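Worksheet for the structure shown next.
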Amino acid sequence: MTATPPDPAPTTRVEIGVSRRTILTILLVVAGVWLLGQLTTVLEIVLVALVLVGTFDPLVAWLERKGFPRGRALVLVFVAAALGLAAVVLLMVPPLIAQALDLVEKAPKYRADLVAQLHGHRWARSLISAVNDLPLDNIAEAAGAKAIGYSTKLLEYIGYGISTLFLAIYLLADPVRAKGQIYAVVPRHHHVKLARILLELKVIVGGYMRGQLITSASITGFVFLLLTISGADNALPIALFAGLTDLIPFVGGYIASTPVVIAATPHGLTVTLVVVCIMILYQEFESRILVPRVYGRVLRLPPAMVLVALLVGASLAGILGALLALPIAAGLQMLVRELHVDLPGEVGADDKARIDERATEVYERVTEGIGAVEAGMIADEMASIVKRSEDTGTAVDPAVLARLAPAGERR
Numbered sequence: 001m002t003a004t005p006p007d008p009a010p011t012t013r014v015e016i017g018v019s020r021r022t023i024l025t026i027l028l029v030v031a032g033v034w035l036l037g038q039l040t041t042v043l044e045i046v047l048v049a050l051v052l053v054g055t056f057d058p059l060v061a062w063l064e065r066k067g068f069p070r071g072r073a074l075v076l077v078f079v080a081a082a083l084g085l086a087a088v089v090l091l092m093v094p095p096l097i098a099q100a101l102d103l104v105e106k107a108p109k110y111r112a113d114l115v116a117q118l119h120g121h122r123w124a125r126s127l128i129s130a131v132n133d134l135p136l137d138n139i140a141e142a143a144g145a146k147a148i149g150y151s152t153k154l155l156e157y158i159g160y161g162i163s164t165l166f167l168a169i170y171l172l173a174d175p176v177r178a179k180g181q182i183y184a185v186v187p188r189h190h191h192v193k194l195a196r197i198l199l200e201l202k203v204i205v206g207g208y209m210r211g212q213l214i215t216s217a218s219i220t221g222f223v224f225l226l227l228t229i230s231g232a233d234n235a236l237p238i239a240l241f242a243g244l245t246d247l248i249p250f251v252g253g254y255i256a257s258t259p260v261v262i263a264a265t266p267h268g269l270t271v272t273l274v275v276v277c278i279m280i281l282y283q284e285f286e287s288r289i290l291v292p293r294v295y296g297r298v299l300r301l302p303p304a305m306v307l308v309a310l311l312v313g314a315s316l317a318g319i320l321g322a323l324l325a326l327p328i329a330a331g332l333q334m335l336v337r338e339l340h341v342d343l344p345g346e347v348g349a350d351d352k353a354r355i356d357e358r359a360t361e362v363y364e365r366v367t368e369g370i371g372a373v374e375a376g377m378i379a380d381e382m383a384s385i386v387k388r389s390e391d392t393g394t395a396v397d398p399a400v401l402a403r404l405a406p407a408g409e410r411r
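As structure tokens, then:
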């Protein structure tokens, strides 16, 4: 009797289907990423212009409250900023140039003095050889060649700077109309939320500029005190230079240290080494302690996130990326907070959602039939009222929001 073979085990077929909509979404995302890569320079110009707008708008608004027309207030602010920058440059640049030329002229003497001080120390023999081999005679030629090499890039950056400045001026000249264009393309149901986001962005830019002023003023005062104690010349111009260059994350502090060390060189090796050590210690203090704490407080960012954001920004876009990293990080954190208030377990999310719903309901009622520009102005005022209520912990009175309608219609 022949045994029948067992039936083969059933096979399972797995079919993976991808809908056309999914494919289209993936293609759109890829195209969007590619387009952003092509428009990197444009995005950088827009972001820097927005930072300038957030910086100067409070000053322009203050002059408006004092009775100046907005156009005249805008001119006064930019003229004052230009004159202040010109005064700093005129005070700072001539002494720095004179100091650099003096260093080039006296470099052989400084080398001879350094070698004489190092003689008699066994550990310094290799260092003496390295110092004697320094090509000091070619310093001026090398510096000139470098300057010519960077001149084209400098002209390019000047062009970008002019474009950024004019974009900021146009946005500041008529902010109501600029906001109105944004409100016109956003559904009215989201206007209050959009107004809250724009208000928070203004707060972020203001906090970022306050942080820049704090860190810049800190190193300016420190360098001035250090050079005054060490007896160096041109303490004030060098301190102002240090304050300006310190605005650049990471490399700014080291650029600032260069003229400080050069100014200490004529006072001997000991003074120079002490100044070098003190500047290194200050840079470590600023980058590890001062910057995370200051920006963490004014931008409401954890200190660790401040350091990570600076590193990521510098890695992705160099110096400009590091400059914009902190306001961008604070903005992203704010967007997560504003757009995801219904995350499970988030403290205060339900209360915040109810406030937004109440404000949106009143807003849609009082702005019915009103144009986007006028409606956007009412949304801005509502967002300010809601923010004040959150900051003070008080409830929002719908009657207060509703009273904004006549004001909007009068405008």
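Residue 149 in my numbering is what sits at position 149 of the sequence shown, and the numbering runs on without skipping anything.
Cβ coordinates follow ideal geometry from the N, Cα and C atoms, glycine included.
Remember, it's a predicted structure, so these values are computed and weren't measured experimentally.
Nearest residue (CA-CA) to residue i, options the options
i, options, result
"ASP102", "GLN212, ARG20, VAL79, PRO266", "PRO266"
"ALA329", "MET279, VAL306, ASP356, ASP380", "VAL306"
"LEU226", "MET382, PRO94, THR272, MET209", "THR272"
"SER218", "GLY159, PRO303, GLY253", "GLY253"
"GLU361", "HIS189, LEU154, ARG72, ARG388", "HIS189"
"LYS193", "VAL275, GLU381, THR392", "GLU381"
"PRO259", "LEU339, ARG70, ILE204, VAL223", "VAL223"
"ILE289", "VAL276, ALA304, ARG300", "ALA304"
"TYR433", "ILE45, PHE56, TYR170", "Only positions 1 to 411 of the chain appear in the structure, and residue 433 is not among them; the question remains open."
"ARG177", "ARG388, GLY371, LEU63", "GLY371"
"LEU43", "VAL75, TYR160, ALA81", "TYR160"
"LEU59", "ALA80, VAL46, THR41", "ALA80"
"VAL88", "LEU244, ARG20, THR270", "LEU244"
"ILE182", "VAL75, ALA195, MET92", "ALA195"
"GLU390", "ARG354, GLY376, GLU364, GLU368", "ARG354"
"ALA235", "LEU213, THR215, ILE255, ILE262", "ILE262"
"ILE45", "LEU74, GLU156, LYS66", "GLU156"
"LEU310", "ILE229, LEU326, ALA98", "LEU326"
"SER257", "ALA239, ARG65, GLY71", "ALA239"
"GLY211", "VAL294, GLU374, TRP62", "VAL294"
"ALA359", "THR220, LEU335, HIS191", "HIS191"
"LEU96", "LEU63, ILE255, LYS66", "ILE255"
"ARG70", "GLY206, LEU36, ALA173", "ALA173"
"LEU324", "ILE204, LEU39, PHE241, PRO175", "ILE204"
"ILE229", "ALA264, GLY206, PHE241", "ALA264"
Where the alpha helix (DSSP H) through residue i begins and ends
i, result
"ASP380", "372–392"
"PRO69", "Run containing PRO69: none; DSSP gives neither H nor E here."
"THR22", "20–38"
"PRO175", "175–184"
"ARG337", "303–339"
Item checked: At least three beta-carbon pairs within less than 8 Å, the stretch 18–34 to the stretch 48–60 -> no
Check: What are the uninterrupted segments assigned as alpha helix (DSSP H) that are 4 or more residues long and contained completely in the stretch 229–294, given in chain order?
Finding: 235–245, 251–264, 269–285
Notebook entry, point to check: Should the stretch 319–338 be regarded as contacting the stretch 200–212, the criterion being three or more beta carbon pairs within less than 8 Å?
Noted result: yes
Checklist line | Validate contact between the stretch 238–255 and the stretch 305–325 using beta carbons, cut 8 Å, 3 pairs | finding: Because the criterion of three Cβ pairs below 8 Å is met, the stretch 238–255 and the stretch 305–325 touch.
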